[in-house]
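Data first, discussion second: the structure below is written as structure tokens.
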Amino acid sequence: MNSSQDTFDRARDAREELGKIRIYKFAGKIYHDYLVGTKIRIKYRTICVIKRFGKENANKTILFYPDKPNYSQVLYKICNTLGCKMTSSLKAQPDLIVAFQDTTRRAHSSVLAEIAANNYVVNEGCDDISKVKVEAVFRQVFGYATFVDPETHVGLCVMKSNDNAMHDGEVVECPTSATRHDVVYQKLINNTAGDDDVLDIRVPVINGELPFVYLKYRRMRYRFSNMNARATMASTDSVFTTDEITKIKQFAKKLGLDFGELDVLRDVDDGTIYIVDVNNTPCGPPNHLGKAESAHAIELLSKAFDTAFLAKTLDLTRKDVR
Numbered sequence: 046m047n048s049s050q051d052t053f054d055r056a057r058d059a060r061e062e063l064g065k066i067r068i069y070k071f072a073g074k075i076y077h078d079y080l081v082g083t084k085i086r087i088k089y090r091t092i093c094v095i096k097r098f099g100k101e102n103a104n105k106t107i108l109f110y111p112d113k114p115n116y117s118q119v120l121y122k123i124c125n126t127l128g129c130k131m132t133s134s135l136k137a138q139p140d141l142i143v144a145f146q147d148t149t150r151r152a153h154s155s156v157l158a159e160i161a162a163n164n165y166v167v168n169e170g171c172d173d174i175s176k177v178k179v180e181a182v183f184r185q186v187f188g189y190a191t192f193v194d195p196e197t198h199v200g201l202c203v204m205k206s207n208d209n210a211m212h213d214g215e216v217v218e219c220p221t222s223a224t225r226h227d228v229v230y231q232k233l234i235n236n237t238a239g240d241d242d243v244l245d246i247r248v249p250v251i252n253g254e255l256p257f258v259y260l261k262y263r264r265m266r267y268r269f270s271n272m273n274a275r276a277t278m279a280s281t282d283s284v285f286t287t288d289e290i291t292k293i294k295q296f297a298k299k300l301g302l303d304f305g306e307l308d309v310l311r312d313v314d315d316g317t318i319y320i321v322d323v324n325n326t327p328c329g330p331p332n333h334l335g336k337a338e339s340a341h342a343i344e345l346l347s348k349a350f351d352t353a354f355l356a357k358t359l360d361l362t363r364k365d366v367r
């Protein structure tokens, strides 16, 4: 292991230990929510003000319901980059409507249903991103599974929460009779990259298009955390085959995901890909992606979002009626 990797691991271990201390966790929340958050808000609100002068998206309004994106989420950065106003007020006259709630299962809303009856609503059909739902759609599209039966499976598997973004994966030995009903059990996918890293492929989805992918490298022992050792961008067709891209798009459509991101793992033993997680309110860009690439990613996502949703007027069938 080189010195930079060793330094990263020691720092990560120290954060793990400090994270167990209540006052440290509180201080971390203050730091991120107020100091980092304020810096990001100022940056993107400044961009928004500048973009509103002389841009065709100036004064366009996007209604997010029931919640609005916060500073850490990609849609916050996209909207400000495009110079759009965000609102959750039903009194607004929006140019676009987005179903938005940072939860695994969005509760039925009669208000949203009424809006969607007469308007195209981004992500209206994507109200469940639980592991069980993701697995069901994945199996329908790809024809194979990520889930295993822990009582009959032989070897290692991953036990994790059915809810989204918990980062609580745990490797368990199978077969086992000590099963739980509040978790799911998935195949342990060999997504190693080098001697001590694993590779997660993060795939942005915008109205059926995959503008690029993030390659997120993590230390093996932190494979289920959200802390990357490094990250970079890559073209979609340099990472996936034509058939894989087609199926990923089919998966997103079947799930009702108009905007969001997918977590994809490739098993290096046989080359097979697995979609293991979905986020319809993603944060980003990923940590440890360089500043230049992060800015480039937001620009590409903003252009794709503009082309997909704002440069056209979509009816209920997504046909441009402008």
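Its first residue numbered 46, the sequence shown is counted upward by one per residue in the numbering used here. Built from N, CA and C at the ideal position, the CB exists for glycine as well.
Top-ranked residue by Cα proximity to residue i, from the options
{"i": "Arg-151", "options": "Asn-324, Asp-351, Glu-338, Leu-355", "result": "Asn-324"}
{"i": "Thr-180", "options": "Ser-154, Lys-232, Thr-148, His-226", "result": "Reading off the sequence, residue 180 comes out as Glu, not Thr. Here the closest residue by C-alpha is Lys-232."}
{"i": "Asn-444", "options": "Arg-264, Asn-209, Gly-253", "result": "Nothing about residue 444 can be read from this structure; the chain reaches only from 46 to 367."}
{"i": "Gly-214", "options": "Val-182, Asp-315, Phe-304, Lys-176", "result": "Lys-176"}
{"i": "Lys-84", "options": "Asp-312, Tyr-259, Tyr-116, Cys-328", "result": "Tyr-116"}
{"i": "Arg-348", "options": "Leu-120, Lys-88, Tyr-110, Ile-87", "result": "First, the amino acid is wrong: residue 348 is Lys here, not Arg. Nearest of Leu-120, Lys-88, Tyr-110, Ile-87 to Lys-348, Cα basis: Leu-120."}
{"i": "Thr-326", "options": "Thr-277, Val-250, Ala-353", "result": "Val-250"}
{"i": "Ala-342", "options": "Ile-123, Ile-95, Thr-148", "result": "Ile-123"}
{"i": "Thr-281", "options": "Arg-266, Ala-297, Leu-255", "result": "Leu-255"}
{"i": "Ser-283", "options": "Arg-266, Val-258, Gly-301, Lys-299", "result": "Val-258"}
{"i": "Asp-308", "options": "Asp-314, Pro-331, Asp-315, Thr-148", "result": "Pro-331"}
{"i": "Phe-109", "options": "Thr-91, Ile-87, Ser-133, Arg-86", "result": "Ser-133"}
{"i": "Cys-171", "options": "Thr-221, Gly-301, Lys-336, His-153", "result": "Gly-301"}
Identity of the residues DSSP links to residue i by a beta bridge
{"i": "Met-204", "result": "Glu-215, Tyr-230"}
{"i": "Asn-324", "result": "Glu-306"}
{"i": "Ala-276", "result": "Lys-261, Leu-334"}
{"i": "Tyr-110", "result": "Ala-144"}
{"i": "Asp-312", "result": "For Asp-312, which the question treats as bridged, DSSP gives no partner whatsoever."}
{"i": "Pro-249", "result": "Glu-306"}
{"i": "Arg-150", "result": "Asp-173"}
{"i": "Glu-254", "result": "Ile-251"}
Spatial neighbours of residue i in its chain, beta-carbon cut-off 8 Å, leaving aside the 5 residues before and after
{"i": "Val-228", "result": "Met-204, Lys-205, Ser-206, Asn-207"}
{"i": "Thr-286", "result": "none"}
{"i": "Glu-289", "result": "Ile-318"}
{"i": "Val-193", "result": "Cys-202, Cys-219, Tyr-230, Gln-231, Lys-232"}
Contact set for residue i: own chain, Cβ-Cβ below 7 Å, skip 5 residues either direction
{"i": "Cys-93", "result": "Asn-125, Gly-128"}
{"i": "Glu-159", "result": "none"}
{"i": "Arg-184", "result": "Ala-190"}
{"i": "Leu-260", "result": "Leu-244, Ile-246, Ala-276, Thr-277, Ala-279"}
{"i": "Ala-161", "result": "Glu-169"}
{"i": "Asp-242", "result": "Tyr-262, Arg-263, Arg-264, Met-265, Ala-274"}
{"i": "Arg-86", "result": "Tyr-116"}
Cβ neighbour criterion (16 or more within 10 Å) applied to residue i
{"i": "Phe-98", "result": "exposed"}
{"i": "Tyr-165", "result": "buried"}
{"i": "Val-156", "result": "exposed"}
{"i": "Val-248", "result": "buried"}
{"i": "Arg-268", "result": "buried"}
{"i": "Glu-306", "result": "buried"}
{"i": "Asp-245", "result": "buried"}
{"i": "Tyr-230", "result": "buried"}
{"i": "Val-216", "result": "exposed"}
{"i": "Asp-173", "result": "buried"}
{"i": "Val-199", "result": "exposed"}
{"i": "Ala-144", "result": "buried"}
{"i": "Gly-239", "result": "exposed"}
{"i": "Asn-419", "result": "Absent from the model: residue 419. The displayed extent of the chain is 46 to 367, so no value can be given."}
{"i": "Ala-356", "result": "exposed"}
{"i": "Asn-163", "result": "exposed"}
{"i": "Thr-197", "result": "exposed"}
{"i": "Thr-149", "result": "buried"}
Rounded distance between the beta-carbons of residue j and residue i, thought under 8 Å
{"i": "Thr-191", "j": "Val-81", "result": "With a Cβ gap of about 34 Å, Thr-191 and Val-81 do not count as contacting."}
{"i": "Lys-294", "j": "Phe-187", "result": "Lys-294 to Phe-187, Cβ: 12 Å. No contact."}
{"i": "Leu-141", "j": "Ile-107", "result": "5 Å"}
{"i": "Lys-113", "j": "Met-131", "result": "5 Å"}
{"i": "Met-278", "j": "Glu-344", "result": "11 Å between Cβ atoms; not a contact."}
{"i": "Cys-328", "j": "Gln-118", "result": "5 Å"}
{"i": "Asn-273", "j": "His-212", "result": "With 8 Å as the limit, Asn-273 and His-212 do not qualify as a contact, their Cβ atoms being about 12 Å apart."}
{"i": "Val-182", "j": "Lys-299", "result": "5 Å"}
Cβ neighbours of residue i in the same chain (closer than 6 Å, five flanking residues each side left out)
{"i": "Arg-275", "result": "Tyr-262, His-333"}
{"i": "Asp-303", "result": "Val-167, Asn-168, Asn-252"}
{"i": "Gln-146", "result": "Pro-111, Asp-112"}
{"i": "Ile-234", "result": "Leu-310, Asp-312, Tyr-319"}
{"i": "Ala-223", "result": "none"}
{"i": "Ala-297", "result": "Val-250"}
{"i": "Tyr-89", "result": "Lys-122, Asn-125"}
{"i": "Phe-354", "result": "Leu-141"}
Any non-hydrogen atom of the ligand MN closer than 7 Å to residue i Cβ
{"i": "Leu-302", "result": "Of ligands this structure carries none, so the ligand MN is not represented either."}
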